[in-house]
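A.B. asks: Input: one structure, supplied below.
Numbering (this note's numbering), first residue to last: 112 to 260.
Set out below in structure tokens:
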């Protein structure tokens with residue numbers, strides 16, 4: 112069964128694409144969730160319009176992401192955490208703590224899912240990656256310091 116995707120669906124396609132899927136998948140999931148409509152012969156023009164709109168939106172998103180990346184290039188933030196006497200953390204520092212530090216220290220709105228970092232378990236300087244847009248990313252450093260009790 113051919114459907115026209117109204118939004119991006121992982122593993123299936125992008126907005127405006129006409130794809131062939133199983134009838135049950137279309138009728139029981141895609142159409143009721145508003146992710147797709149059943150394709151007809153006259154849908155080609157509508158699909159083209161959706162793809163052009165997506166391309167314009169993507170270009171605007173990429174431009175704003177590049178502006179944000181320029182302001183965040185080589186950013187450095189500090190996170191304090193409870194540590195043992197040997198400098199090991201009780202717990203770890205991850206993307207949640209780094210995103211909170213970026214919001215409070217730099218004032219930039221970054222979501223935790225945009226930050227790519229391994230869990231940090233030691234005091235010191237560590238690098239991380241911020242994926243602002245699929246084509247735009249910037250690196251930064253986080254300084255993990257011992258929290259004063």
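Here a beta-carbon is modelled for each residue, glycine too, at the ideal position from N, C-alpha and C. Please read all numbers here as calculations on a predicted model, not as lab measurements.
Using a Cβ-Cβ cut-off of 7 angstroms (strictly less than) and excluding sequence neighbours within five positions of residue 150, which residues of its own chain qualify?
C.D. replies: Hits under 7 angstroms: 113, 114, 115, 129.
A.B. asks: Round the Cβ separation of residue 248 and residue 231 to the nearest angstrom and send it over; I've been treating them as touching at under 8 angstroms.
C.D. replies: No, residue 248 and residue 231 are not in contact; Cβ-Cβ is about 19 angstroms, not under 8 angstroms.
A.B. asks: Quick one: grab the DSSP three-state call for residue 221.
C.D. replies: Coil at residue 221, not helix or strand.
A.B. asks: If you drop the 5 nearest sequence neighbours on each side, which residues of the same chain put their C-beta closer than 7 angstroms to that of residue 242?
C.D. replies: If we look at residue 242 and ignore the five residues flanking it on each side, its Cβ neighbours are 225, 227, 248.
A.B. asks: Can you tell me whether DSSP reads residue 227 as helix, strand or coil?
C.D. replies: Three-state DSSP puts residue 227 in a strand.
A.B. asks: With a threshold of 6 angstroms on Cβ separation, who are the neighbours of residue 254 within its own chain once the five nearest residues in sequence on each side are excluded?
C.D. replies: Answer for residue 254: 189, 236, listed in chain order.
A.B. asks: Name the DSSP bridge partner or partners of residue 235?
C.D. replies: Residue 235 pairs with 255.
A.B. asks: Give the straight-line distance between the Cα atoms of residue 148 and residue 158, rounded to the nearest whole angstrom.
C.D. replies: Roughly 11 angstroms between the two C-alpha positions.
A.B. asks: Rounded to the nearest angstrom, what separates residue 223 and residue 185 at their Cα positions?
C.D. replies: Straight-line Cα distance between these residues: approximately 18 angstroms.
A.B. asks: If I measure Cβ to Cβ from residue 200 and keep anything under 6 angstroms in the same chain, skipping five residues before and after, which residues do I get?
C.D. replies: Cβ neighbours of residue 200 beyond the five flanking positions: 192, 194, 232.
A.B. asks: Answer with buried or exposed for residue 145, where buried requires no fewer than 16 other C-beta atoms within 10 angstroms of its C-beta.
C.D. replies: Residue 145 comes out exposed.
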